[in-house]
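Number of protein chains: 6
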Amino acid sequence: MREIAVFSGSAHPDLAEEICAQLGVVLQPVRLRRFANDCLEVQLQSNCRERDVFLIQPLSAPVQEHLVELLLMLDAARGASAARVTAVIPHYAYARSDKKAMPRVSIGGRLVADLLVTAGASRILTMTLHAPQVHGFFSVPVDHLHALREIAGHFSERDIAGAVVVSPDLGNAKIVLDDEIARGTTIMELLAQLREHGARSVRIACTHGLFAEGALKRIASQPEVIEVVCTNTVPIPETERDPKLHVISLAPALAEAIRRIHEGESVSALFGASA
Amino acid sequence: MREIAVFSGSAHPDLAEEICAQLGVVLQPVRLRRFANDCLEVQLQSNCRERDVFLIQPLSAPVQEHLVELLLMLDAARGASAARVTAVIPHYAYARSDKKAMPRVSIGGRLVADLLVTAGASRILTMTLHAPQVHGFFSVPVDHLHALREIAGHFSERDIAGAVVVSPDLGNAKIVLDDEIARGTTIMELLAQLREHGARSVRIACTHGLFAEGALKRIASQPEVIEVVCTNTVPIPETERDPKLHVISLAPALAEAIRRIHEGESVSALFGASA
Amino acid sequence: MREIAVFSGSAHPDLAEEICAQLGVVLQPVRLRRFANDCLEVQLQSNCRERDVFLIQPLSAPVQEHLVELLLMLDAARGASAARVTAVIPHYAYARSDKKAMPRVSIGGRLVADLLVTAGASRILTMTLHAPQVHGFFSVPVDHLHALREIAGHFSERDIAGAVVVSPDLGNAKIVLDDEIARGTTIMELLAQLREHGARSVRIACTHGLFAEGALKRIASQPEVIEVVCTNTVPIPETERDPKLHVISLAPALAEAIRRIHEGESVSALFGASA
Amino acid sequence: MREIAVFSGSAHPDLAEEICAQLGVVLQPVRLRRFANDCLEVQLQSNCRERDVFLIQPLSAPVQEHLVELLLMLDAARGASAARVTAVIPHYAYARSDKKAMPRVSIGGRLVADLLVTAGASRILTMTLHAPQVHGFFSVPVDHLHALREIAGHFSERDIAGAVVVSPDLGNAKIVLDDEIARGTTIMELLAQLREHGARSVRIACTHGLFAEGALKRIASQPEVIEVVCTNTVPIPETERDPKLHVISLAPALAEAIRRIHEGESVSALFGASA
Amino acid sequence: MREIAVFSGSAHPDLAEEICAQLGVVLQPVRLRRFANDCLEVQLQSNCRERDVFLIQPLSAPVQEHLVELLLMLDAARGASAARVTAVIPHYAYARSDKKAMPRVSIGGRLVADLLVTAGASRILTMTLHAPQVHGFFSVPVDHLHALREIAGHFSERDIAGAVVVSPDLGNAKIVLDDEIARGTTIMELLAQLREHGARSVRIACTHGLFAEGALKRIASQPEVIEVVCTNTVPIPETERDPKLHVISLAPALAEAIRRIHEGESVSALFGASA
Amino acid sequence: MREIAVFSGSAHPDLAEEICAQLGVVLQPVRLRRFANDCLEVQLQSNCRERDVFLIQPLSAPVQEHLVELLLMLDAARGASAARVTAVIPHYAYARSDKKAMPRVSIGGRLVADLLVTAGASRILTMTLHAPQVHGFFSVPVDHLHALREIAGHFSERDIAGAVVVSPDLGNAKIVLDDEIARGTTIMELLAQLREHGARSVRIACTHGLFAEGALKRIASQPEVIEVVCTNTVPIPETERDPKLHVISLAPALAEAIRRIHEGESVSALFGASA
């Protein structure tokens, strides 16, 4: 079996380190260089030849920087004769650009899927796409996991008798509200409604905790909110941290998926993923 | 003949306006939207159907933002049934990433060429690529112009008897030093040498005036430098402006090239371009 | 301007004839041959060279026959040097196969999109895709129309004060129930609910009236149902006809879209289509 | 070595079972679903990840159903991360559409070859193509076997001294009459000629026994015909069975070819195939 | 309408000149350069931009030189922004490599078809392919003409009462012997047979008069041969000329096909070509 | 691990034999056939199925013959189900055609790179490309070695105190003069200059010893030239041999690179190659 080689872009090195620790492999070094003209250059600093390469990079802000960096890493891995290159994108931000709501707009979700393949991606590993149809934008195999088990597991440890779980991510077809919290507008509106209905304590959960423009502070400052749960698909900015925030690590799940992809074992058998 | 439709990304709207003025056409509106998750969306706001579309966007800093924006514009134009889409990239910054100087590095110049085609570019119009071989990175036709005539024309109007012209861009095969000034390190070293040789007044010229990290101030503050000449392939940051700087507009040249591309007239006949 | 040439597959020749009548052009003849081994062969029987070819074929039952027939027509048109080939697919049935609801299933919506392009489609004209994301499955331009205006126009001529319009197709993002009626199970459940809420007369509308397995009879036999409205994107089987059924012709809309595509005029300007 | 996984479409499950029995592997389950709108969906019901997948499906009638089913199976296998997918097509019916006998006809043999690759076929295993040039229609490797050895072996066990073997398939370059019997028109004409030449007992052989429109009954009812030999590349409809019919199973040959493809052994060394 | 621009490779400039004379256009100049390392470089010496370019080059000996030259011309035309590039290949020599007669042989007919498209051919115009299936090797439109009318016209002017016309090229499906005479072995064998049958005067015809290794001399020296007819799809080497040889020019037919391709008129309507 | 299979074209069988001897494998037989019409056919005469195939063919004169032969070998290897096909091109002659020095010229270096991939090359192994940018012309991984270590090693065994080494190939970025000697014009000019500067004994070195048109004789006849060193990337014509010529074999380096590519070991670690 070909050896595994895991590299991380600059978007979320902590997650990559944690995944590698779970896998029992060393995170391989990457050199990222920015030229005076603002162009990026990537060097993968250990042998990729005939290796089963995994490149970890969620499309967190700054998205364009992280996207181009990932494209360059893919190009470098392919050019370095990797046997297979899997782009591990825990948060595929462009999934929200999935249709033409107006004439002559870009469909970023499809475009970025094509760019990743052009740059050298043999396959994709991702978490909770905004819409399940986005899976079909890719022309290479996609392992599409969700965090339902991890989030449900978290609440099963709490005493939640009598509490209301407002989760934007408990299954795509059922009570789905949203897969991510960015500005938090939807959540704030929902809280207002819950308040009217007499909710006294609220726990909030989502997969992708983007928390832009002070969203976490705004939500956490609501007195009835006693917990905000998200996963670590994207790094939580230090300025957005809050005592009420609980971050569930998906490193074990992603590591297990990577191991199964590498070993050729079924991923769906464990995760119920549509892979 | 199909109608022309010119759009500009956010990198250099002034140049686009000037080109349209030369062409006698209206610059068509573009709506650029940034979502809470930092993803971009582009809408071309006038009919592209069966039009001969030109998208103007130099890869100036922030390069990654401008690159992804251009890719989204290309996708939108193709999806909107443009008859032909020409990416007008007066400064193709990634041309400097043109070889593997070390193992396992990305070759950004080739990768970005492929990305542009994947996104929908039918052809490319560019100025003074860092190396002439970069032309061969593209799988679509490239019109590769240079600014030699414009820069030479500038100096022919000066009294330069007895002066030394240190130009990084007077022809690719001859006394070429460099096509762009970024940090200006090369120029500063050259000035030191010229000083040793007794040069008293120096005029400097290049095509792409990137002037990163205070480069223009540093160069212009040298007493023997009496003029720094560049073109407007990239916008000059206000903070880098200097009385000694002279910017030659390439809008007339680019407009004429666009007109000839649109009309099917020879571009090389006029510019001596390798197109 | 290149001439237009419209051909019809065997799925819905009436619609094709009606579209051509609207356009004021002659429907060009096609010879469909079935060999003893059950293979199909298509011959387009008038000159396609440098023509702007439109092939009309909804994916109505038998879907596989009509799909392969359309692929053969595309191949024939491309091989016959058509300047451009638009597949006019008023009902893109495979749009419902738009995600991986289970592991190791085909995503037919994306696959068929790729097959159409492989066979020679330069572009697609379609009506009311099951999910708007399906637009992004295509790598060629798509004009995606909807029938909202036609259906709304129909009801505006009725006296519907006090009546409830249960429409599965009045806008994708709002009260959407469904875009098509196949077995009618959803509608029957809805009728039961409406009955409980005291609805006395119900008018039903959808874009794609598939009416499989006696669905129309079943629905129309409900006493409170006073009208079932659909469009002619697919032919209504004679055995499914019912006095309560009203079929709105989309031939004028499709003809106008074809004319605008051919002339290079904006389609979205008229239809509000996401094209 | 990657494990083997064999799936069968609905065209010829008996042959697939027999091949698997020869290989000593279990035929993996496939779920075929037909929606109310007549679209098909395929689910491969066991792990394909990094497996060497073989999909068995001759293009027998109904050809279009079987073709689209095979395309969906290919898509599912690729999407499920198969290491390699071989389409085993014992009868490639579209091989007869191999040229443009008239202007503006489809060349189905080439088109279907491209569709198979688009859908995900890494390679093809087939028997006795109608013309050897059809091999060149594929852009992926083809193992093209013939049944000469099996058919010749059959007759070597008979006492055929003084008898005439009229075989449409004893080698492509020599006395070839035909590779398949569909309506049997050619055979009937030949029988008439043989009768004139005084033939008293005739044995007939072909690879693909399609026997459309009562062909077998018609041929077998001729008194001088004492045996009709074909192989099981396609299932013989029960209604076409006849005591004079002898069906040679190619399952051993196909199983051995699959084993050699899987193990990387020479196929031509055994079969003399042009592979 | 886009203007026409006709260029010739070095294989058969006389034919190109004659075609241009028929078309009433000037043959555009080409500069072919051979470097010290034996590499070729082609420069098309007049504007190709938005032109309808035709490149005339039969694959006559030395075939490899003429093939690579044609590929370079295609590359130059595409890079020079031609609107459309038609490779006019009156003799497609690699058509004879159309199948795998042995294991692990190249299928040159398909490979060269792909190379031509890779190099930039938008379409192909050719004469009398060795097998009609070779048409299907191309992924771009092919106009496939034959010389039946010209050859038949020639004989209709002769007094051929009582004479036998042995033509290797009078229709693909009927009395076809061969489409070309290379070493002439087949013809010599045939002559021997005709002699045995008492033929006293023989006229021979073919499309592609390759006449390798003294073939024409050998054939013409047979006393009963009174005429050898071929066309000018390839240049006849001076050393192979013979008084008995009659060369029919296909320049009028090719010029008319080019005119019709350029004007978008039906080619098959005139030639009965399968285009 | 897949087995290795090495084949040689007709360009340089001695080098291939030497490489195989170093690798300890047998050079597999190839049958090259030239038809009467001058077309080539290649048959690889041992099993390629699932093998790691290496095809050795420098583009030495006659370049076009050797190029087409290599393309046919690639096609044959791919069609014969090779697991991977590496084109080993010690001298990539078309690298000199790397830019558009004039309008409407072919860029042969890029075109041939694309042709190799179209024909089936999975990867490339080459020596000392004329410009490092040519690496970026390929869309498949390239191992780009140089001969610096071998050439330097040669001189380190000589007593070269006080001598001047004029090498056109000692590193791409430093004193580079040229990577090959073809007609030797540059070298002759240089010798004249060295003579003026009083050089009394000169040793000359290059990677690719093409020595066209008597170049070696001309150089070696200069009295101050005491040694001409080249490698065996191309065969030295017997007529060009000279006592002053010293040919360094690169077979050990190429064999070690092939072994490392096959085993998945780092090539750059040993060679400092940009691979």
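Chains as they are written, first to last, in our numbering: chain U, 1 to 275; chain S, 1001 to 1275; chain D, 2001 to 2275; chain C, 3001 to 3275; chain L, 4001 to 4275; chain W, 5001 to 5275. Don't be surprised by glycine CBs; every beta carbon is placed ideally from N, CA and C.
query: Identify which residue in S/Thr1233, S/Gly1120, S/Asp1114 has its Cα closest to the Cα of S/Glu1150.; result: S/Thr1233
query: What whole-angstrom Cβ distance do L/Ile4107 and C/Gly3136 have, given they're in contact under 8 Å?; result: 5 Å
query: In whole angstroms, give me the CA-to-CA distance for C/Leu3245 and W/Pro5141.; result: 56 Å
query: Taking the runs of the alpha helix (DSSP H) that are 4 residues or longer, which of them lie wholly in the region 5179-5251 of chain W?; result: 5185-5196, 5215-5220
query: Exposed or buried, L/Met4102, counting other C-beta atoms within 10 Å across all chains shown (16 or more means buried)?; result: exposed
query: Going straight from the alpha carbon of W/Arg5034 to that of L/Ala4061, what length do you get?; result: 11 Å
query: Shortest alpha-carbon distance to C/Ile3258 belongs to which of C/Glu3238, C/Thr3185, C/Asp3052?; result: C/Asp3052
query: According to DSSP, simplified to helix, strand and coil, what is L/Met4127?; result: strand
query: L/Ser4081 CB to nearest chain S CB: under 8 Å?; result: yes
query: Measure the C-alpha to C-alpha separation of D/Ser2249 and D/Arg2203 and round it to an integer number of angstroms.; result: 18 Å
query: In angstroms, rounded to a whole number, what distance separates the CA positions of S/Gly1079 and L/Phe4054?; result: 31 Å
query: With a 10 Å radius around its C-beta and 16 neighbouring C-beta atoms as the bar for buried, classify W/Glu5157 as buried or exposed.; result: exposed
query: Flag L/Val4088 as yes when its Cβ comes closer than 7 Å to any non-hydrogen atom of the ligand ZN, and as no otherwise.; result: As far as ligands go, the structure on display features none, and thus does not contain the ligand ZN.
query: For the putative contact between D/Gln2028 and D/Ser2010, defined by C-beta atoms under 8 Å, what is the C-beta separation to the nearest angstrom?; result: Not a contact, Cβ separation roughly 14 Å.
query: At 3 residues or longer, what runs of the beta strand (DSSP E) sit wholly inside the region 5066-5113 of chain W?; result: 5084-5089
query: Determine the burial state of W/Gly5198: buried for a count of at least 16 other Cβ atoms within 10 Å of its Cβ, exposed for fewer.; result: exposed
query: Is it buried or exposed, S/Asp1169, if we count other Cβ atoms within 10 angstroms and call 16 or more buried?; result: At S/Asp1169 the pLDDT is 43, less than 50, meaning the model places this residue with poor confidence and gives no usable figure here.
query: Quick one: using the 10 Å Cβ neighbour count with 16 as the cut-off for buried, is C/Glu3224 buried or exposed?; result: exposed
query: Expressed to the nearest angstrom, what Euclidean distance is found between the alpha-carbon atoms of W/Leu5041 and L/Ala4095?; result: Note that residue 5041 of chain W corresponds to Glu in the displayed sequence, not to Leu. For W/Glu5041 and L/Ala4095, the distance between alpha carbons rounds to 12 Å.
query: Taking all protein chains shown into account, decide if C/Gly3120 is buried (16 or more other Cβ within 10 angstroms of its Cβ) or exposed.; result: buried
query: Rounded to a whole number of angstroms, what is the C-alpha to C-alpha distance between L/Leu4216 and L/Glu4065?; result: 24 Å
query: Who are the near neighbours of C/Ala3087 in its chain, counting only those whose CB is closer than 6 Å to its CB and skipping five residues on each side?; result: Leu3055, Leu3116, Ala3121, Ile3124
query: Identify each residue in the region 1189-1204 of chain S for which the Cβ-Cβ distance to at least one residue of chain W is less than 9 Å, and report them in chain order.; result: none
query: When the Cα atoms are used, what is the spatial distance from S/Cys1020 to S/Pro1090?; result: 15 Å
query: Are there 16 or more other CB atoms within 10 angstroms of the CB of S/Val1057, so buried, or fewer, so exposed?; result: The question names Val, but residue 1057 of chain S is Gln in the sequence shown. So S/Gln1057 ends up on the buried side.
query: So U/Asp14 contacts chain S; which residues on that side make the cut at Cβ distance below 8 Å?; result: By Cβ distance, chain S contributes nothing, its closest Cβ being about 19 Å from U/Asp14, past 8 Å.
query: If we ignore side chains and look at the alpha-carbon of each, how far apart do C/Leu3044 and C/Leu3074 end up?; result: 10 Å
query: From the DSSP output, in three-state form, read off D/Ser2008 for me.; result: strand
query: Is L/Gly4024 close to chain C? Criterion is C-beta to C-beta, closer than 8 Å.; result: no
query: DSSP state of L/Ile4056, grouped into three classes?; result: strand
query: Would you say L/Pro4141 lies against chain D (beta-carbon separation less than 8 Å)?; result: yes
query: Thinking C-beta only, is U/Val6 closer than 8 Å to U/Asp143?; result: no
query: Strictly by DSSP, which residues pair up with W/Phe5117?; result: In the sequence on display, residue 5117 of chain W carries Val and not Phe. The partner list for W/Val5117 (beta bridge, DSSP) is empty, contrary to what the question assumes.
query: Is it buried or exposed, W/Met5127, if we count other Cβ atoms within 10 angstroms and call 16 or more buried?; result: buried
query: May I have the straight-line CA-CA distance separating C/Asp3038 from U/Gly109, to the nearest angstrom?; result: 29 Å
query: Could you give the distance in angstroms between the alpha-carbon of W/Ala5131 and the alpha-carbon of D/Ala2083?; result: 40 Å
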